[in-house]
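A.B. asks: Using this note's numbering, you'd call the opening residue of the sequence shown number 3 and step up by one each time. Beta carbons: idealized from backbone N, C-alpha and C, even for Gly.
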Amino acid sequence: MTKYSSEFKVKVVQEYLSGRVSYNSLCTKYSIPSTKPVREWVKQAQVHGLESLQRKHTKTFYSLEQKLAVVDYYQTSGAGVVSAAAHFGINASQVAVWMKIFKTEGVAGLRPKPRGRRSTVKHKKPKQVKKLELSEKEAYQQEILKLRGELYHTRMERDFLKKLGAVSKNNLPPKKQQ
């Protein structure tokens, strides 16, 4: 059960997009404790339209490739979790969970797990769960994602040092000529 209905979300977003009202005034008017959900609704509506605010009644399953695309976008674009979620049209908390799993377990953790109840036919003791081993393709994908993240951070550091050098050159006193 959601806290706010889809119709309520659309109403609030339309009122904000009309340009007459701020986030804070909408929150006080509709007794919303924080501006965060309103900002997320507006961003989602701007990127994917008002119909994206409708609640989906079916559980969505994401493939490994979809999860890796989201993780790759998050790492290489420098966008936040909310921006990455809005870009792909999924929930921001889902992106945060995938990022946490990817950092701790790698690509193997993002693989779809078997669902449902175990068969009651066999009554053997369960074997110790072995750590999932990566296939060769998944190992390459994980390495590529890791290297893209490192490349992005290295480029950011390089750009920062360039700007710092330019600023420090401008602040030096002029040299005396002999």
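Find the nearest neighbour of Ala81 within the set Glu67, Gln68 and Val97, judged by alpha-carbon distance.
C.D. replies: Within the sequence shown, numbered from 1, the residue matching residue 81 stands at position 79. The residue with the shortest Cα to Cα distance from Ala81 is Val97.
A.B. asks: DSSP state of Lys164, grouped into three classes?
C.D. replies: Position 162 of the sequence shown holds residue 164. Helix, per DSSP.
A.B. asks: Should the segment 8-19 be regarded as contacting the segment 39-56, the criterion being three or more beta carbon pairs within less than 8 Å?
C.D. replies: Cβ pair count under 8 Å is three or more, so yes.
A.B. asks: Within this structure, are the beta carbons of Gly108 and Gln77 separated by less than 8 Å?
C.D. replies: Position 106 of the sequence shown, counted from the start, is the residue given in the question as residue 108. Position 75 of the sequence shown, counted from the start, is the residue given in the question as residue 77. Against a cut-off of 8 Å, the Cβ pair of Gln77 and Gly108 comes out as no contact.
A.B. asks: Tell me, to the nearest whole angstrom, how far the beta carbon of Ala86 is from that of Val99; I am working on the premise that it is less than 8 Å.
C.D. replies: Locating residue 86 in the sequence shown gives position 84, where the first residue counts as 1. Locating residue 99 in the sequence shown gives position 97, where the first residue counts as 1. The pair is not a contact, with the Cβ atoms about 12 Å apart (cut-off 8 Å).
A.B. asks: Please state if the CB of Leu52 and the CB of Val23 are separated by a distance shorter than 8 Å.
C.D. replies: Walking along the sequence shown from the start, residue 23 turns up at place 21. Walking along the sequence shown from the start, residue 52 turns up at place 50. No, these two residues do not count as a Cβ contact at 8 Å.
A.B. asks: Buried or exposed for Phe63, going by 16 or more other Cβ atoms inside 10 Å?
C.D. replies: For the purposes of this step, residue 63 is taken as the residue at position 61 of the sequence shown. When all chains shown are included, Phe63 counts as exposed.
A.B. asks: In this structure, how does DSSP classify Gly151 when only helix, strand and coil are distinguished?
C.D. replies: As a working note, residue 151 is residue 149 in the sequence shown. Note: Gly151 maps to helix in three-state DSSP.
A.B. asks: For Leu66, tell me which candidate among Glu140, Leu153, Val169 and Ala94 has the shortest Cα-Cα distance.
C.D. replies: For this step, residue 66 is matched to residue 64 along the sequence shown. Among Glu140, Leu153, Val169 and Ala94, the Cα nearest to that of Leu66 is on Glu140.
A.B. asks: Less than 8 Å between the C-beta atoms of Val15 and Tyr25, yes or no?
C.D. replies: Locating residue 15 in the sequence shown gives position 13, counting from the first residue. Locating residue 25 in the sequence shown gives position 23, counting from the first residue. No, the pair does not count as a contact, with Cβ atoms beyond the cut-off.
A.B. asks: Please determine, among Thr106, Asn173, Gln68 and Ser137, the residue with the shortest C-alpha to C-alpha distance to His89.
C.D. replies: The sequence position of residue 89 within the sequence shown is 87, counting from 1. Checked all of Thr106, Asn173, Gln68 and Ser137; the closest Cα to His89 is Gln68.
A.B. asks: Is the Cβ-Cβ distance between Gln56 and Ser121 less than 8 Å?
C.D. replies: As a first step, residue 56 is located in the sequence shown; it is residue number 54 there, counting from the start. As a first step, residue 121 is located in the sequence shown; it is residue number 119 there, counting from the start. In this structure, Ser121 does not lie closer than 8 Å to Gln56 by Cβ.
A.B. asks: Using a Cβ-Cβ cutoff of less than 8 Å, which residues in the same chain neighbour Phe151 once the five nearest sequence positions on both sides are dropped?
C.D. replies: Sequence index remark: in the sequence shown, residue 151 carries index 149 (1-based). With the sequence shown as reference, residue 151 is identified as Gly, and Phe is not the correct amino acid for it. Once the five neighbours on either side are set aside, the close Cβ partners of Gly151 are Gln77 and Thr78.
A.B. asks: Can you tell me the Cα-Cα spacing of Gly91 and Trp43, whole angstroms?
C.D. replies: The count along the sequence shown starts at 1 and reaches residue 91 at position 89. The count along the sequence shown starts at 1 and reaches residue 43 at position 41. Straight-line Cα distance between these residues: approximately 12 Å.
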